[in-house]
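Just below is one structure, and these are the notes that go with it.
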Amino acid sequence: MAQTPTTLIPLGFEAPAFSLHDTISGKVKSLNELKSDKATVIMFICNHCPFVVHVIDELVRLANDYIPKGVSFIAISSNDVEKYPQDSPEMMKEFAAANKFPFPYLYDETQDVARAYSAACTPDFSIFDSDLKCVYRGQLDDSRPSNGKPITGKDIREALDAILAGKSVNAEQKVSIGCNIKWRQ
């Protein structure tokens, strides 16, 4: 499994707008309708990546802990489904159901949304404030498949707790590491 880090770009960028097919509901959902007036977590994930599979239970736990506090979570898969059919919309819907996703799981067929967010890996996390300005772009926590560290969601939890308390998010952020997004040729 190739390890790819999150692309480092300056914080403060505005979340690019999108409208994508939600594989769970079958409807097209936009950032405008899914965003929160407190914080919005955008996660680029996929079904088959060992890094995502490693943390999926914590992602669901994290969302279940923070959605009641007014935080929005949006998962997006941008992988090339011709070469990776296990990431197809039908399989995304099954993966979401099997893992009891409390958030939408959107399919970025053109890969334009991944490019607009400079997403590079799965999982790739960005957190946006009430003005949709990026205040966090980093890892879930220090755990990786086979490194033996516990999966806690610590880094994202600390960022969300700061936002909800009206404080600044710590500017020292560690990049996420995962499989590269499977780009079409």
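Numbering follows this note's numbering, in which position 129 of the sequence shown is assigned residue number 135; successive positions increment by one, without gaps. Note that CB positions come from ideal geometry on N, CA and C, so glycine has one too.
By the Cβ neighbour-count rule, glutamine 9 is exposed, with fewer than 16 other Cβ atoms within 10 Å of its own.
In this structure, threonine 13 keeps its C-beta atom at 8 Å or more from the C-beta atom of leucine 138. When Cβ pairs closer than 8 Å are counted between the two stretches, the region 153–166 is seen not to touch the region 28–35, the count staying below three. Taking C-beta separations shorter than 6 Å and ignoring five residues to either side along the sequence, the partners of valine 61 in its chain run Leu146, Ile157, following chain order. Burial state of proline 110 is buried, judged by a 10 Å Cβ sphere holding 16 or more other Cβ atoms.
About 7 Å separates the CB atoms of leucine 166 and isoleucine 133; that is less than 8 Å, so the two are in contact. Judged by DSSP in its simplified three-state form, phenylalanine 101 adopts helix. Among the bridge pairs identified by DSSP, phenylalanine 19 is matched with none. About 10 Å separates the Cβ atoms of serine 83 and glutamine 117, ruling out a contact at the 8 Å cut-off. In the DSSP secondary-structure assignment, arginine 143 is bridged to Ser132.
If the five residues before and after serine 136 are omitted, its C-beta is found closer than 8 Å to the C-beta atoms of Ser42, Asp43, Lys44, Ala45, all from its own chain and listed in chain order. Residue pairing by DSSP places aspartate 28 opposite Leu112 in a beta bridge.
Segment contact: the region 170–190 against the region 97–104, fewer than three CB-CB distances shorter than 8 Å; contact not assigned.
The Cβ neighbour count for proline 91, taken over all protein chains shown within 10 Å, is under 16; the residue is labelled exposed. For phenylalanine 57, the enclosing alpha helix (DSSP H) begins and ends at 56–72. Here glutamate 64 is buried: its Cβ has 16 or more other Cβ atoms, across all protein chains shown, within 10 Å.
In the three-state reduction of the DSSP assignment, proline 11 falls in the strand class. Secondary structure of isoleucine 169 (DSSP, three-state): helix.
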